[in-house]
Every structure is written in structure tokens, then in C-alpha cells.
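These notes are about the structure you will find just below.
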Amino acid sequence: MRNVLPIPAAIVATLTLAGALCFAGDAAAADLTVTVRGDDGAPLADAVVMVHPAGGAGPVSAIRYSWPMTMTQQNIAFNPYVLIVPVGSTVGFPNKDKVRHHVYSFSAAKKFELKLYGQQEERTITFDKAGVVALGCNIHDSMIGYIYVADTPYAGKTNDAGQAVIRGLPGGAGTLSVWHPDMRAKAAVDKSLNLAAGAVPVTLDLKPVGLRRKKTMTM
Ligand SMILES: [Cu+2]
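Numbering (our numbering), first residue to last: 40 to 258.
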């Protein structure tokens, strides 16, 4: 098995949070747009963006996301590259290739192994601990994917424009956390937010690694 950790590179990503946060009353909810960029100014897709309100976010068991809890193997790749799931989720791992895959992870948040299984077969794994789970395939070294197990309902993934919108945030203070596979730091980078003001622009400097790793992957 190979080491899936990227090779460090002297690259610094800048995270810019630009959102119009308006709290007209206790019941007001805000949408937050987070834009993540690399130090070259290019938008960074597949960043995990989370907000933990200071007042709490309710029971973890109640968290539901709008996207499927599925990590597909297709064209000798994981799809999606990064999947965000709530703690306690059972994730499907369908194989849509004609070849067999052998999916595994050594990550502390979830060590597991799905021994060789073929086309149209599906296995499931339950992720009961928050954190990053790096995925690999024993057969295909080029296959790299990530499951981010999150413990807040306020989560999203940046698109090709480097943007994620977190909807329906309650008023008050909170913590913004951002994680990307190419960061130098393994854990998400946290940034305190004081949401008392109407608009809160925030800039974070991150220390990513292997910024071009995904771009150099072959399908
Ligand atoms: Cu494989």
C-alpha cells in the first residue's frame, strides 16, 4: 500500500470569506458565502467549509445534507473526490467499473478495508467519528479520495469557482473551519467569526501542500 499523504510544497492558500451577514432579529438566518483561493489566486475547488455556531448546532444525529451519501468508483477514480457526510452516516461505495477495486483507509477517523469487489457490487461503511478519512485503492495507486466526517449541519464544499454557500446560519458568534486535501495542516483551519456586524469579510492564510496533485491525476 502506498502513502496517500501529499508531498509538502511551499504553497500558501488564501481563504477569503465574503458574506453579507444580516441579523435583523433572533429568528433571522443568514447565508454565508465562503471563497477559497490558492496563493496563485486560482479558485480552490473541493474545500470543506463548516461553521459551528457558538450557541451550538443541535444534535449531530439530526444532521442531513442535500447530497447523496455515496462514494462511487468509476473510471478508476473516486467520485466525488471529496465527500462530506455527517457523523454516524452509512456511506455506499458502489463500483461502476468493469474492474475490481479494493478500497481502504488508514485514517484515524476510520480505518477500514473493502476487499476486492466487482462491478455493480456495493459495500457500505458507517463513519462514527468526525475527521478526515483518506481513501485509497490497493489495485489502483492513482485513486485518491476523501470523506470528511462533519459534526455540524452548516457545511458545504467549494465549487470550481472556489465558493461554498452555507445557508440558514443562526445569529451570533461562531467558528469557521476550512479543510482542503492540499493543505499542509492535516486538521481543518479554524477562524473565529463575530457575526454581530452586517457584513464580515475575513481572510485566512492557509498552508496547503500538493496544490497541483489532483490536477496531475489521470483518469
Ligand atoms: Cu481500484
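Quick reminder that beta carbons are idealized off the backbone N, C-alpha and C, glycines included.
Note that the structure is a prediction, hence the values are computed from the model and not measured.
A straight line joining the alpha-carbon of P125 with that of P92 spans about 16 Å. A101 sits in a helix when the DSSP states are folded into three classes. Taking C-beta separations shorter than 6 Å and ignoring five residues to either side along the sequence, the partners of G131 in its chain run T109, E161 and T163, following chain order. Of the other Cβ atoms in all chains shown, fewer than 16 fall within 10 Å of the Cβ of S181; this residue is therefore exposed. Rounded to the nearest whole angstrom, the C-alpha separation of L232 and Y193 is 14 Å. Within the same chain, and ignoring the five residues on either side of T165 in sequence, the residues whose Cβ sits closer than 6 Å to its Cβ are T129.
At a cut-off of 7 Å, the beta-carbon of Q112 counts as near ligand 1: some heavy atom of the ligand is closer than that. In the DSSP assignment, Y120 falls outside any beta strand (DSSP E), carrying neither H nor E. Set against 7 Å, the gap from the CB of I178 to the closest heavy atom of ligand 1 is smaller. Cβ-Cβ separation between V90 and T197: approximately 14 Å, too far for a contact (criterion under 8 Å). In summary, S146 is buried, with 16 or more beta-carbon neighbours lying within 10 Å of its beta-carbon over all protein chains present.
For Q202, the enclosing beta strand (DSSP E) stretches over residues Q202 to L208. The Cβ neighbour count for Q159, taken over all protein chains shown within 10 Å, is under 16; the residue is labelled exposed. In the three-state DSSP reduction, A81 falls in the coil class, being neither helix nor strand. The beta carbon of I183 sits no closer than 7 Å to any heavy atom of ligand 1.
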